[in-house]
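Enquirer: Those letters in the sequence shown? Residues 1 to 645, per full-length UniProt numbering, in order.
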Amino acid sequence: SQEVLGLDICADMPIGDEMIRGVSGGQRKRVTTGEMLTGPARALFMDEISTGLDSSSTFQIVKYIRQLVHVMNETVMISLLQPPPETYNLFDDIILLSEGYVVYHGPRENILEFFESAGFRCPERKGIADFLQEVTSKKDQQQYWYLDQEQYRHVPVPEFAERFKSFHVGQQMLKELQIPFDKSKTHPAALTTNKYGQSSWESFKTVMSREKLLMKRNSFIYIFKVAQLVILGLIAMTVFLRTKMPHGQFSDSTKFFGALTFSLMTVLFNGFAELQFTIKMLPTFYKQRDFLFFPPWTIGLVNIISKVPVSLVESIVWVVLTYYVMGFAPAAGRFFRMLLAFFATHQMAMGLFRFLGAVLKSMVVANTLGMFVILLIFLFGGIVIPRGDVRPWWIWAYWASPMMYSQNAISVNEFLSSRWANPNNNTSIDAPTVGEAILKAKGLFTRESGFWVSIGAIVGFIILFNILYLLALTYLSFGSSSNTVSDEENENETNTSIPIDEATNPPTQSQITLPFQPLSLSFNHVNYYVDMPAEMREQGFTESRLQLLSDISGAFRPGVLTALVGVSGAGKTTLMDVLAGRKTSGSIEGSITVSGYPKKQETFARVSGYCEQTDIHSPNVTVYESILYSAWLRLSSDVDENTRK
Numbered sequence: 001s002q003e004v005l006g007l008d009i010c011a012d013m014p015i016g017d018e019m020i021r022g023v024s025g026g027q028r029k030r031v032t033t034g035e036m037l038t039g040p041a042r043a044l045f046m047d048e049i050s051t052g053l054d055s056s057s058t059f060q061i062v063k064y065i066r067q068l069v070h071v072m073n074e075t076v077m078i079s080l081l082q083p084p085p086e087t088y089n090l091f092d093d094i095i096l097l098s099e100g101y102v103v104y105h106g107p108r109e110n111i112l113e114f115f116e117s118a119g120f121r122c123p124e125r126k127g128i129a130d131f132l133q134e135v136t137s138k139k140d141q142q143q144y145w146y147l148d149q150e151q152y153r154h155v156p157v158p159e160f161a162e163r164f165k166s167f168h169v170g171q172q173m174l175k176e177l178q179i180p181f182d183k184s185k186t187h188p189a190a191l192t193t194n195k196y197g198q199s200s201w202e203s204f205k206t207v208m209s210r211e212k213l214l215m216k217r218n219s220f221i222y223i224f225k226v227a228q229l230v231i232l233g234l235i236a237m238t239v240f241l242r243t244k245m246p247h248g249q250f251s252d253s254t255k256f257f258g259a260l261t262f263s264l265m266t267v268l269f270n271g272f273a274e275l276q277f278t279i280k281m282l283p284t285f286y287k288q289r290d291f292l293f294f295p296p297w298t299i300g301l302v303n304i305i306s307k308v309p310v311s312l313v314e315s316i317v318w319v320v321l322t323y324y325v326m327g328f329a330p331a332a333g334r335f336f337r338m339l340l341a342f343f344a345t346h347q348m349a350m351g352l353f354r355f356l357g358a359v360l361k362s363m364v365v366a367n368t369l370g371m372f373v374i375l376l377i378f379l380f381g382g383i384v385i386p387r388g389d390v391r392p393w394w395i396w397a398y399w400a401s402p403m404m405y406s407q408n409a410i411s412v413n414e415f416l417s418s419r420w421a422n423p424n425n426n427t428s429i430d431a432p433t434v435g436e437a438i439l440k441a442k443g444l445f446t447r448e449s450g451f452w453v454s455i456g457a458i459v460g461f462i463i464l465f466n467i468l469y470l471l472a473l474t475y476l477s478f479g480s481s482s483n484t485v486s487d488e489e490n491e492n493e494t495n496t497s498i499p500i501d502e503a504t505n506p507p508t509q510s511q512i513t514l515p516f517q518p519l520s521l522s523f524n525h526v527n528y529y530v531d532m533p534a535e536m537r538e539q540g541f542t543e544s545r546l547q548l549l550s551d552i553s554g555a556f557r558p559g560v561l562t563a564l565v566g567v568s569g570a571g572k573t574t575l576m577d578v579l580a581g582r583k584t585s586g587s588i589e590g591s592i593t594v595s596g597y598p599k600k601q602e603t604f605a606r607v608s609g610y611c612e613q614t615d616i617h618s619p620n621v622t623v624y625e626s627i628l629y630s631a632w633l634r635l636s637s638d639v640d641e642n643t644r645k
């Protein structure tokens with residue numbers, strides 16, 4: 001498909017984004033088409049795929065898709081705005097949509113006959129696609145009136161829609177729709193038994209290999225983070241210099257607490273970058289998750305595992321640079337325990353910010369709330385205020401702060417060393433040694449076991465945040481769906497269509513579907529409403545909802561390439577989104593069935609593809625790698641490697 005889509009010339013170029021130079025907009029759109037064509041999808045919804053393409057490229061792509069439709073018996077609907085004549089002639093069926101109404105739905109050969117019956121004729125030198133988009137327009141319609149013996153009058157779109165019902169093509173369609181579907185003729189090939197193209201383990205390995213590739217290409221970011229740690233470490237080493245850090249007395253603890261706190265802050269803030277990484281990943285992830293490329297947990301687990309070496313390297317760099325120069329306890333055991341504490345804290349911070357990024361999804365909101373969370377963690381972390389001074393009604397927040405456990409771990413590790421074991425001369429604090437007195441004054445643990453208790457608590461937070469992160473990836477999306485087509489089935493019902501709104505779906509119409517053909521898609525009395533915009537209410541509109549689709553019914557059949565045409569704003573993308581289950585707001589009424597069964601989005605995504613206007617890709621992956629990645633994930637495991645490529 002790479003050569004057919006004209007992507008062979010840019011196969012090794014990164015796709016790019018607003019920050020990374022990559023392929024052109026038209027080539028990006030064709031990459032989306034390539035991703036969908038490599039999978040098992042047998043029902044393709046392709047929205048404005050010609051945008052940004054020249055007429056020759058559009059013709060070649062549609063010609064290739066036409067061959068897929070006729071040879072592979074696939075179901076395809078393509079939405080186009082003013083296709084050139086040679087591209088228009090490739091289609092079998094035409095759906096003309098205007099102002100939310102279906103003006104015509106039937107064979108391409110009969111569409112001019114329909115408009116001539118209404119008094120409008122396409123001039124010989126006029127492209128049919130251009131004529132179809134202008135004939136329903138109030139300002140362009142009159143020029144096509146050809147009945148000289150009758151005076152022209154404007155024919156509104158609803159009248160065209162009503163006239164089509166009495167046209168022989170419309171009557172034939174209604175006649176076909178009145179044949180009930182016989183479920184006994186269902187062919188097993190119309191069903192999919194596997195939710196994903198590969199097993200969970202194979203998907204995990206594929207996602208891991210891509211993550212390694214992305215980390216390699218984003219290596220500058222990780223190198224920059226390490227360089228930042230080195231610079232901060234060098235500065236901190238000169239501020240908390242070993243020769244200026246006396247120890248053994250109660251008064252000497254102030255500088256050591258300052259050094260420990262600064263180190264803790266540095267490690268924590270170094271995990272803040274996960275917030276941006278996660279939010280940047282989400283658009284691509286949601287697209288691939290919704291099309292069942294992989295189980296959502298695989299990419300979450302890959303992100304968690306792949307960042308463990310990063311966290312370990314950053315912790316080692318910081319501790320190696322600062323531990324002895326700052327004058328901490330010169331014992332190998334305490335050095336490695338300090339390293340363990342910082343590594344666990346860094347992992348906890350990364351898990352926390354990954355979770356916040358997956359939940360908040362907006363860079364502005366996530367950064368704002370992320371800083372708010374950090375401030376709360378520090379406020380109740382035992383650094384600003386000791387445990388003994390925390391008010392009783394806030395003590396729960398103290399014990400719930402991950403920073404409190406990190407502070408305890410590194411403080412116990414330092415102040416319970418032998419050099420802080422001098423007898424305590426401070427009679428106001430009941431403790432045998434100076435080190436224990438210092439810890440007790442700060443409200444920290446005073447036993448060696450406190451270190452391991454703190455590490456255990458931090459590990460618990462790591463597990464908690466990562467589980468919440470995986471749940472967020474699995475169940476959350478960019479927008480919450482307030483109203484969608486109902487997918488509840490009643491197993492005892494014999495009718496093949498479930499009406500969503502009884503008021504708009506008469507019983508005689510809701511019980512009929514197309515005769516069976518593998519993976520046909522039919523929709524009956526579909527209406528789509530959104531809340532009335534405030535600007536329109538100010539202009540005097542009193543309705544609470546604005547109707548964008550009005551009583552749409554139709555079907556897409558295997559082996560028939562259907563074009564959805566109409567002027568900009570006619571409702572093409574809206575209808576596509578409704579049928580493909582892409583709408584996350586508004587109210588949808590009507591019934592949608594796939595091969596006679598009510599459409600369930602959870603299973604429909606496995607056998608459908610959606611090429612949308614806004615293309616979403618990983619910017620650092622080449623064109624070839626994007627399509628190959630789609631093939632690896634969406635094709636069955638029994639397809640050999642050469643066939644995938």
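All C-beta atoms, glycine included, are put in the ideal place defined by N, C-alpha and C. The structure displayed is predicted, hence computed values, not measured ones.
Output needed for Val359: all residues of its chain with C-beta closer than 6 Å, excluding positions within five of it in sequence on either side, in chain order.
Expert: The residue given as residue 359 occupies position 359 in the sequence shown. If we look at Val359 and ignore the five residues flanking it on each side, its Cβ neighbours are Ala472.
Enquirer: Have a look at Arg644 and Gln60 and give me their C-alpha separation to the nearest angstrom.
Expert: Locating residue 644 in the sequence shown gives position 644, where the first residue counts as 1. Locating residue 60 in the sequence shown gives position 60, where the first residue counts as 1. When rounded, the distance between both Cα atoms is 22 Å.
Enquirer: In terms of residue numbering, what span does the beta strand (DSSP E) encompassing Asn413 cover?
Expert: Within the sequence shown, residue 413 is the residue found at index 413, counting from 1. Run containing Asn413: none in the beta strand (DSSP E); it sits in the alpha helix (DSSP H), 402-415.
Enquirer: Check for me: the alpha helix (DSSP H) holding Pro309 runs from which residue to which?
Expert: Position 309 of the sequence shown, counted from the first residue, corresponds to residue 309. 296-322 is the extent of the alpha helix (DSSP H) around Pro309.
Enquirer: With Tyr624 as the anchor, note down where its beta strand (DSSP E) starts and where it stops.
Expert: Along the sequence shown, read from residue 1 onward, the residue named residue 624 stands at position 624. Premise fails: Tyr624 lies in the alpha helix (DSSP H), 623-634, not in any beta strand (DSSP E).
Enquirer: Which residues share a DSSP beta bridge with Ser98?
Expert: Indexing the sequence shown from 1 puts residue 98 at position 98. Its beta-bridge partners are Tyr101.
Enquirer: To the nearest angstrom, how far is it from the Cα of Trp452 to the Cα of Ile458?
Expert: Stepping through the sequence shown from its first residue, residue 452 is reached at position 452. Stepping through the sequence shown from its first residue, residue 458 is reached at position 458. So the alpha carbons of these two residues sit roughly 10 Å apart.
Enquirer: Which whole-angstrom value is the C-beta distance of Val157 and Phe114, which I expect to be below 8 Å?
Expert: Position 157 of the sequence shown holds residue 157. Position 114 of the sequence shown holds residue 114. No, Val157 and Phe114 are not in contact; Cβ-Cβ is about 14 Å, not under 8 Å.
Enquirer: Buried or exposed: residue 672, going by 16 or more other Cβ atoms within 10 Å of its Cβ?
Expert: No statement about residue 672 is possible, as the shown extent of the chain runs from 1 to 645 and does not include it.
Enquirer: Select from Met348, Gln407, Gly381 the residue whose C-alpha is nearest the C-alpha of Trp396.
Expert: Numbered from its first residue, the sequence shown carries residue 396 at position 396. Comparing Cα-Cα distances from Trp396 to each of Met348, Gln407, Gly381, the minimum goes to Gly381.
Enquirer: Output the boundary residues of the beta strand (DSSP E) element that contains His525.
Expert: Your numbering for residue 525 matches position 525 in the sequence shown. Its beta strand (DSSP E) spans residues 521-531.
Enquirer: Taking the straight line between their C-alpha atoms, what separation do you get for Ile95 and Ser544?
Expert: The sequence position of residue 95 within the sequence shown is 95, counting from 1. The sequence position of residue 544 within the sequence shown is 544, counting from 1. Their Cα atoms are separated by approximately 30 Å.
Enquirer: Excluding the five sequence neighbours on either side, which residues of its own chain have a C-beta within less than 6 Å of the C-beta of Lys442, listed in chain order?
Expert: Here residue 442 refers to the residue found at position 442 of the sequence shown. If we look at Lys442 and ignore the five residues flanking it on each side, its Cβ neighbours are Pro386.
Enquirer: CA-CA distance, Pro507 and Ser591?
Expert: Within the sequence shown, residue 507 is the residue found at index 507, counting from 1. Within the sequence shown, residue 591 is the residue found at index 591, counting from 1. For Pro507, the predicted structure reports a pLDDT of 40, less than 50, and the residue's modelled location is therefore unreliable. A value from the coordinates is still provided. Approximately 12 Å, taken between the alpha carbons.
Enquirer: Quick one: what does DSSP say Met13 is sitting in, helix, strand or coil?
Expert: Taking the sequence shown and counting its residues from 1, one reaches residue 13 at position 13. It is coil, neither helix nor strand.
Enquirer: Taking Leu468 as part of the alpha helix (DSSP H), name the residues at either end of that continuous run.
Expert: Locating residue 468 in the sequence shown gives position 468, counting from the first residue. Looking at the DSSP string, the run of the alpha helix (DSSP H) that includes Leu468 is 449-475.
Enquirer: Which residues in the same chain as Cys10 place their Cβ atom closer than 7 Å to its Cβ, once the five residues preceding and following it in sequence are excluded?
Expert: As a first step, residue 10 is located in the sequence shown; it is residue number 10 there, counting from the start. So the qualifying residues of the chain are Val23, Gln27, Val623.
Enquirer: Does the stretch 108-127 touch the stretch 594-614, meaning 3 or more C-beta pairs lie closer than 8 Å?
Expert: no
Enquirer: With a threshold of 8 Å, are at least 3 pairs of Cβ atoms found where one atom belongs to the stretch 411-429 and the other to the stretch 316-335?
Expert: yes
Enquirer: If I measure Cβ to Cβ from Asn413 and keep anything under 6 Å in the same chain, skipping five residues before and after, which residues do I get?
Expert: Looking up residue 413 in the sequence shown gives position 413. These residues qualify, in order along the chain: Arg334, Arg337, Met338, Phe451.
Enquirer: Distance, Cα to Cα, Thr513 vs Tyr146?
Expert: As a first step, residue 513 is located in the sequence shown; it is residue number 513 there, counting from the start. As a first step, residue 146 is located in the sequence shown; it is residue number 146 there, counting from the start. In this prediction, Thr513 scores a pLDDT of 39, lower than 50, which makes its location untrustworthy; the coordinate-derived value is nonetheless stated afterwards. Answer to the nearest angstrom: the Cα atoms are 38 Å apart.
Enquirer: Count the other C-beta atoms from every protein chain shown that fall within 10 angstroms of the C-beta of Thr87, then say buried if there are 16 or more, exposed otherwise.
Expert: Translated into the one-based positions of the sequence shown, residue 87 becomes position 87. By the 10 Å Cβ count, Thr87 comes out buried.
Enquirer: Between Ile377 and Ser411, is the Cβ-Cβ spacing less than 7 Å?
Expert: Taking the first residue of the sequence shown as 1, we reach residue 377 at position 377. Taking the first residue of the sequence shown as 1, we reach residue 411 at position 411. Cβ atoms of Ile377 and Ser411: not closer than 7 Å.
Enquirer: Exposed or buried, Ile500, counting other C-beta atoms within 10 Å across all chains shown (16 or more means buried)?
Expert: Residue 500 sits at position 500 when you count from the first residue of the sequence shown. Its pLDDT being 37, under 50, Ile500 is placed unreliably by the model, and the measurement read from it follows with that caveat. With 16 or more other Cβ atoms within 10 Å, it is buried.
Enquirer: Secondary structure at Leu53, three-state DSSP: helix, strand or coil?
Expert: Along the sequence shown, one-based indexing puts residue 53 at 53. The answer is coil: DSSP assigns Leu53 none of H, G, I, E or B.
Enquirer: Ignore the nearest five residues each way along the sequence and tell me which others in Glu502's own chain have a CB closer than 6 Å to its CB.
Expert: Taking the first residue of the sequence shown as 1, we reach residue 502 at position 502. Any reading at Glu502 is ruled out, since the residue's pLDDT is 38, under 50, leaving its predicted position unreliable.
Enquirer: Do you know offhand how far Ile429's Cα is from Ser406's?
Expert: Taking the first residue of the sequence shown as 1, we reach residue 429 at position 429. Taking the first residue of the sequence shown as 1, we reach residue 406 at position 406. Answer to the nearest angstrom: the Cα atoms are 24 Å apart.
Enquirer: Just mark Thr206 as buried or exposed, buried being the case when its beta carbon has 16 or more other beta carbons within 10 Å.
Expert: Position 206 of the sequence shown, counted from the start, is the residue given in the question as residue 206. Looking at its Cβ environment, which holds 16 or more other Cβ atoms inside 10 Å, Thr206 is buried.
Enquirer: Mind listing, in chain order, the continuous alpha helix (DSSP H) runs of no fewer than 4 residues lying wholly within the UniProt domain "ABC transporter family G" (82-187)?
Expert: Entirely contained in the UniProt domain "ABC transporter family G" (82-187), the alpha helix (DSSP H) runs reaching 4 residues are, in chain order, 85-88, 111-117, 128-135, 157-166, 168-177.
Enquirer: Report, in whole angstroms, the separation of the C-beta atoms of Thr298 and Ser618, which I expect to be a contact under 8 Å.
Expert: Here residue 298 refers to the residue found at position 298 of the sequence shown. Here residue 618 refers to the residue found at position 618 of the sequence shown. Not confirmed; about 15 Å, so no contact.
Enquirer: Can you tell me whether Gln547 is helix, strand or coil according to DSSP?
Expert: Here the question's residue 547 lines up with position 547 in the sequence shown. Reduced to three states, the DSSP call for Gln547 is strand.
Enquirer: Check Glu493 in the structure and name its three-state DSSP category.
Expert: Mapped onto the sequence shown, residue 493 falls at position 493. Any reading at Glu493 must be qualified, since the residue scores a pLDDT of 39, below 50, and its modelled position is unreliable; no value is offered.
Enquirer: Pick from Phe272, Thr427, Leu301: whose alpha carbon is nearest that of Trp201?
Expert: For the purposes of this step, residue 201 is taken as the residue at position 201 of the sequence shown. Of Phe272, Thr427, Leu301, the residue nearest in Cα terms is Leu301.
Enquirer: Take the Cβ of residue 700 as the centre, count every other Cβ of all protein chains shown within 10 Å, and call the residue buried at 16 or more, exposed below.
Expert: With the chain running from 1 to 645 in the structure shown, residue 700 is simply not present.
Enquirer: Whole angstroms are fine: how far does the CA of Tyr469 sit from the CA of Val319?
Expert: Translated into the one-based positions of the sequence shown, residue 319 becomes position 319. Translated into the one-based positions of the sequence shown, residue 469 becomes position 469. Roughly 28 Å between the two C-alpha positions.
Enquirer: Can you name the start and end residues of the beta strand (DSSP E) that Tyr610 belongs to?
Expert: Counted from its first residue, the sequence shown places residue 610 at position 610. Counting along the chain, the beta strand (DSSP E) containing Tyr610 begins and ends at 608-611.
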